[in-house]
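Undergrad:
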Amino acid sequence: MGRSCTVCEHEERGQLNRALVRGSESEREIASRFGLTQAAVDRHRRNHLRPYLAELIREDPELAELSPLSEIKGLYFRVRRLLNQAEDAQDWPAAKAFHSEARRDLELLARVVGDIDDSPKINILISPDVQQVIIGALSPYPEARLAVADALASLETTTG
Numbered sequence: 000m001g002r003s004c005t006v007c008e009h010e011e012r013g014q015l016n017r018a019l020v021r022g023s024e025s026e027r028e029i030a031s032r033f034g035l036t037q038a039a040v041d042r043h044r045r046n047h048l049r050p051y052l053a054e055l056i057r058e059d060p061e062l063a064e065l066s067p068l069s070e071i072k073g074l075y076f077r078v079r080r081l082l083n084q085a086e087d088a089q090d091w092p093a094a095k096a097f098h099s100e101a102r103r104d105l106e107l108l109a110r111v112v113g114d115i116d117d118s119p120k121i122n123i124l125i126s127p128d129v130q131q132v133i134i135g136a137l138s139p140y141p142e143a144r145l146a147v148a149d150a151l152a153s154l155e156t157t158t159g
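Under numbering that gives the first Met the number 0, residue 159 is the last one in the sequence shown; the count climbs by one each step, no gaps.
(1) Please report the distance separating the alpha-carbon of Ala88 from that of Ala101.
(2) Within 10 Å of its beta-carbon, does Val40 have 16 or more other beta-carbons around it, so buried, or fewer, so exposed?
(3) Using the beta-carbon count (16 or more within 10 Å), is Asn46 buried or exposed?
(4) So Arg2 and Leu19 are supposed to be a Cβ contact under 8 Å. How far apart are they, rounded?
(5) Kindly indicate the opening and closing residues of the alpha helix (DSSP H) around Leu137.
(6) Arg42: which of Leu55, Arg27 and Arg32 sits nearest, CA to CA?
(7) Measure the CB-CB distance between Ile134 and Ala148 and report whether it falls below 7 Å.
(8) State the Cα-Cα distance for the pair Asp104 and Leu81, rounded to the nearest angstrom.
(9) Do Phe97 and Ala109 have their CB atoms nearer than 7 Å?
(10) Quick check on this structure: which residue in Arg21, Lys72 and Asp128 has the alpha carbon closest to the alpha carbon of Ala63?
(11) Give a yes or no on whether the C-beta atoms belonging to Leu15 and Phe33 are separated by under 7 Å.
Here you go:
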């Protein structure tokens, strides 16, 4: 999981977001006022304060106080309550619908907190035959051959 945003975690995030949206202060001034670095404020503005959100906050400043993670959690728990009620009432079509929604909410929550990572992965598996070809190609270079052989051996001990 990547590093967390110090602005998103700041106790005065709503005021900070409003200051960014108003645009009457520079990022440096905002950072200084809230005890943050200018780089953190700039990163937050670029990565987390999307233009549509900025427009919404201009129209309704209370939206700056919203925490998407808290909202997702709240939705999940409400859907779980509805699912439990539908199951208790043996309303199976409703229970099925609430189950699907709860699963989607839980999946979204897991993605947001980093429990599900969809980023591309590169797995390299070198077969023994390929290892031998590499070692053979390095035979004119004894030091490099030993270094590569050691590196391949360390891979075998750490991965299998």
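By construction, the Cβ of each residue, glycine as well, lies at the ideal position given by its N, Cα and C atoms.
TA: On the basis of the supplied data:
(1) 18 Å
(2) buried
(3) exposed
(4) About 20 Å; that fails the 8 Å criterion.
(5) Element bounds for Leu137: n/a, residue is neither H nor E.
(6) Arg27
(7) yes
(8) 13 Å
(9) no
(10) Arg21
(11) yes
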